[in-house]
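Q: Residue numbers (the numbering used here): 101 to 1044.
Glycine included, each C-beta is placed from N, C-alpha and C at the ideal position.
Since we're looking at a predicted model, the values are computed, not measured.
If you scroll down you'll find the structure; I have some questions about it.
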């Protein structure tokens, strides 16, 4: 028997850049392989890879890209960098415009990304180029480190992924698990709802750890080495870096086995931990290093004492450390995510410092007061001057370039110490800039953190609450009221602060439907604002006066006050206005009273102006308003497309009360008119939530929506039961429209009540409609709704015919069609031939609007009268009658070779709306490309 000699050597050094094989991820790679194989038949989609820092997300993406290339898939790879978030769309542009096969037109795309107000066109250009590339074969778009992506990259990613879902494009994105910015969380929620597949990377098992250890060391690990390797807790990056740091000095190879002859090594620095420390702010880095020196778990109070700062001053640093995945919360304590990470941080500190911190931590008595840091907030003269400059520039840019203003205001905050006396006022200045530019969640967090920190003077707290009230007025009416009321109640604040807070309180109460209380508060606010000479509060209160006049049914006064409010706000500039924008109320008022064309023109100008200025929040509010107007004018497809385009994309706090009373209401009404049962059910669920909202007006909307659904389902008794609570509420607290949403709903309610045998409710609705018409004789639309309601109640043809005549001069298509149908129904009982023209006109209006359910009902009435009408949806494209009139117009222009941007300009629509129409047309016609659409449409298109 021969004996093999014992050989001893150090572990071999591996060349830099040489990767070890991928271990322990067979299931993940098999899953991605299946998705790549599905690209051949044209099945695209999104795969989201998630896991904590160091778990191997980037490695999975790189292996997936290599696997895709082997399959002949064209690959685009981009990655975000925490130091380059200021570059708009940088990660995505890097991916598609670099590499072996970049997309064409790089200069054009980069110019659009860098130019304010060009977001719509950028999305269109990028979408068109990806769509064209996908025609030549499947694509894989890889986007790493989503948690560091800028807002424009996030928006572009989920918009393109949704818009190109029918193309053979796979989106493979990676995101760090745990806490991520709110905008990233919103994006993740949206792609999950869109059907994204999720791949969560867990810690490696012991078998994979052993194999990686063997790969790195070049030999089989003995039990001691494996015990050391397991300290990485299955995190590949920590494991590889730990082994790499030991390979040359500590590990020896004996007969093919890796051993630790000197026992466990001392802690040492790890490259990835050092990089993460470097990415922290100075305050956060100091906090992490202090926690590492203390060892084990630590309280915030102890860290505050060791650092000589109050606990409240550490809020930002603690949050940053948690977000960096270095620290984790453990009940009331902080602990390092991995002990190896703590040791690596500690190893980078000088030994005397580590020892001094530990001695001090042990010697501090529990609960001792924080160190005196009264001088901590002092700034150098240079820093103070820079802060003043940034604040001045932010104020000057707020009205015309709010994005740039917000960045300057945020920079000023970074330069101001947490306990500096001027910081609260800068916080109050920054909050409205953030929400105006689409960063509502960041604005809310900034305000909430400042309030939670405490120590604010009454005046500072008042202005922060005022800023928060402005933020919540579009998303949570009740919270806007709460913030305004709490601020106005603060003792010793200036008359300017109190006047503006009372004005915002009146706005919130009015929007909530609490008109009686709003009127009382507005009177008090007016006195305070006049005493302070505050024109800003005056503009806000003038809008409230208009809303209160509308509630009293004095519409002439409502219009006068609305016009005055808009003029005041315009003269002051949008940056100082408390209600952004006053003109929006004027548009809603015009639409509600039948001046729909005027309302639409004002809304479109508002969308254009605010879009150019980059005021994202105001643009969304205008889009929401336009959805209501488009619904009433019978442009159902356009209303639905606008509602989808305006749906909360950026982080909206709360359920979105303004979205409740615009987008969700519109989507339900469109679904009912078109017979889309699934969508109606979805928004009925939203209505049930709205019915329980704290804001009275939201409850009214939710109740009316549920009544419409019940009536649609043939349950008028249930519909009236829903409305009973609204219609029996005290008169001072219910809106002028008696719980309805629009004057044109009065005939709907009368019809509903009569079917349910609730004659008294029908009488009540007619009385309200007639009172409104009598008080406002100059508005024929109101007279038309009153005549229509009266004709239904009395079953009298004359008022119905009068309503038809009055509606002729009003662009309320659906209301006019309804009156025509009701007049025809009355005639059909005794004079069928005379009823036919009314039914035919109603059918034409319903068809042109895309109201298929209503059109089908009128066809049944015509058939009952002996007239047969074939279904003919508005504007069919040759022999494809599936398309609505709006979709037809878009399709014809696209078939002529126009881009979405050109189509939008030609039809006075937004590119988002054009894209929505085009997506529906593609689905209905079962095509996946513009070329295919053109081939399909051209032969049968008879022109305009």
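Once you ignore the five residues that flank residue 251 on each side, which residues in its own chain have a CB closer than 6 Å to its CB?
A: Excluding positions up to five away in sequence, the list reads 283.
Q: State yes or no: is the C-beta of residue 613 within less than 8 Å of the C-beta of residue 797?
A: Going by C-beta atoms, residue 613 is nearer than 8 Å to residue 797.
Q: Can you name, in chain order, every residue of its own chain whose Cβ lies under 7 Å from the Cβ of residue 1015, other than the five neighbours on each side?
A: Counting only Cβ-Cβ distances below 7 Å, and skipping sequence neighbours, we find 263 and 1000.
Q: Mapping DSSP to helix, strand and coil, what is residue 360?
A: Note: residue 360 maps to coil in three-state DSSP.
Q: Cα separation between residue 766 and residue 885?
A: If I take the Cα positions, the gap works out to 20 Å.
Q: Once DSSP output is grouped into helix, strand and coil, what is the label at residue 1030?
A: If DSSP states are grouped into helix, strand and coil, residue 1030 belongs with the helices.
Q: Please report how far the alpha carbon of residue 135 lies from the alpha carbon of residue 945, in whole angstroms.
A: Rounded to whole angstroms, residue 135 to residue 945 spans 47 Å at the Cα level.
Q: Specify the secondary structure class of residue 547 as computed by DSSP and reduced to three states.
A: If DSSP states are grouped into helix, strand and coil, residue 547 belongs with the helices.
Q: Please go through the stretch 327 to 388 and give each complete alpha helix (DSSP H) segment of 4 or more residues, from N-terminal end onward.
A: Listed in chain order, they are 336 to 347 and 371 to 378.
Q: Residues in its own chain within less than 6 Å of residue 734 by CB, not counting five upstream and five downstream?
A: Within the same chain, residue 734 has close Cβ partners 913, 914 and 949.
Q: If we ignore side chains and look at the alpha-carbon of each, how far apart do residue 1048 and residue 166 end up?
A: A query on residue 1048 cannot be resolved here, the shown segment of the chain reaching from 101 to 1044 and no further.
Q: Taking C-beta to C-beta, are residue 281 and residue 312 nearer than 8 Å?
A: Not closer than 8 Å, so no.
Q: Please state if the CB of residue 692 and the CB of residue 1045 are separated by a distance shorter than 8 Å.
A: Given a span of 101 to 1044 for the chain in the structure shown, any question on residue 1045 remains unanswerable.
Q: Would you decide whether residue 979 is buried or exposed? Buried here means 16 or more other CB atoms lie within 10 Å of its CB.
A: For residue 979, the predicted structure reports a pLDDT of 49, less than 50, and the residue's modelled location is therefore unreliable. A value from the coordinates is still provided. When all chains shown are included, residue 979 counts as exposed.
Q: Between which two residues does the beta strand (DSSP E) holding residue 242 run?
A: Here the beta strand (DSSP E) through residue 242 covers 239 to 244.
Q: Using the Cβ count rule (16 or more neighbours within 10 Å means buried), how would you classify residue 468?
A: Note that residue 468 scores 38 on pLDDT, short of 50, meaning its location in the model is unreliable; the coordinates nonetheless yield the value given after this. Answer is exposed; the Cβ neighbour count stays below 16.
Q: Can you name the start and end residues of the alpha helix (DSSP H) that residue 646 belongs to?
A: Taken as a continuous stretch (DSSP letters only), the alpha helix (DSSP H) holding residue 646 covers 635 to 651.
Q: Measure from the alpha carbon of residue 770 to the alpha carbon of each residue in 880, 367, 406 and 727, then state which is nearest.
A: Per the Cα distances, 727.
Q: Please state whether the Cβ-Cβ distance between residue 897 and residue 926 is less than 8 Å.
A: Yes, they are a contact pair.
Q: Are there 16 or more other CB atoms within 10 angstroms of the CB of residue 859, so buried, or fewer, so exposed?
A: It is exposed - the Cβ of residue 859 has fewer than 16 other Cβ atoms within 10 Å.
Q: Just tell me which of 711, 663, 708 and 710 has its CA closest to the CA of residue 688.
A: Comparing Cα-Cα distances from residue 688 to each of 711, 663, 708 and 710, the minimum goes to 663.
Q: Is residue 564 helix, strand or coil when you go by DSSP?
A: DSSP places residue 564 in helix when its eight states are reduced to three.
Q: How is the alpha helix (DSSP H) around residue 402 delimited, first residue to last?
A: Residue 402 -> alpha helix (DSSP H) spans 400 to 407.
Q: Counting only the same chain and skipping the five closest in sequence on each side, list residues whose C-beta sits under 6 Å from that of residue 509.
A: So the qualifying residues of the chain are 494, 529, 530 and 533.
Q: Answer with buried or exposed for residue 930, where buried requires no fewer than 16 other C-beta atoms within 10 angstroms of its C-beta.
A: Classification of residue 930: exposed, given that the 10 Å Cβ count is below 16.
Q: Where in the stretch 250 to 337 do unbroken runs of the beta strand (DSSP E), each at least 3 residues long, occur, reported from the N-terminal end onward?
A: You should have 269 to 276 and 297 to 300.
Q: Compare the C-alpha of residue 293 against each of 145, 503 and 164 and name the closest.
A: Measuring from the Cα of residue 293, the nearest candidate turns out to be 145.
Q: Is the stretch 317 to 328 touching the stretch 120 to 128, taking contact as three or more C-beta pairs under 8 Å?
A: No contact exists between the stretch 317 to 328 and the stretch 120 to 128.
Q: With respect to the alpha helix (DSSP H) encompassing residue 731, which residues constitute its N-terminal and C-terminal limits?
A: Note, residue 731: alpha helix (DSSP H), 716 to 732.
Q: Excluding five sequence neighbours on each side, which residues of the same chain lie with their C-beta closer than 7 Å to the C-beta of residue 742?
A: Cβ neighbours of residue 742 beyond the five flanking positions: 723, 726, 727, 730 and 1013.
Q: What would DSSP say about residue 556, mapped onto helix, strand or coil?
A: Reduced to three states, the DSSP call for residue 556 is coil.
Q: Let's see if you can read the secondary structure: which residues bound the beta strand (DSSP E) around residue 931?
A: Here residue 931 belongs to no beta strand (DSSP E), and DSSP marks it neither H nor E.
Q: With three or more beta-carbon pairs closer than 8 Å as the criterion, would you say the stretch 397 to 410 touches the stretch 327 to 343?
A: Contact between the stretch 397 to 410 and the stretch 327 to 343 is absent, because fewer than three Cβ pairs lie under 8 Å.
Q: Note down the Cα distance separating residue 352 from residue 437, rounded to an integer number of angstroms.
A: Roughly 30 Å separates the two Cα atoms.
Q: Our contact map puts residue 239 next to residue 202 with C-beta atoms below 8 Å; I'd like the distance itself, whole angstroms only.
A: Wrong, their Cβ atoms sit about 12 Å apart, outside the cutoff.
Q: Spatial neighbours of residue 775 within its chain, please: C-beta separation below 8 Å, excluding the five flanking residues on both sides.
A: Around residue 775: 952, 953 and 956.
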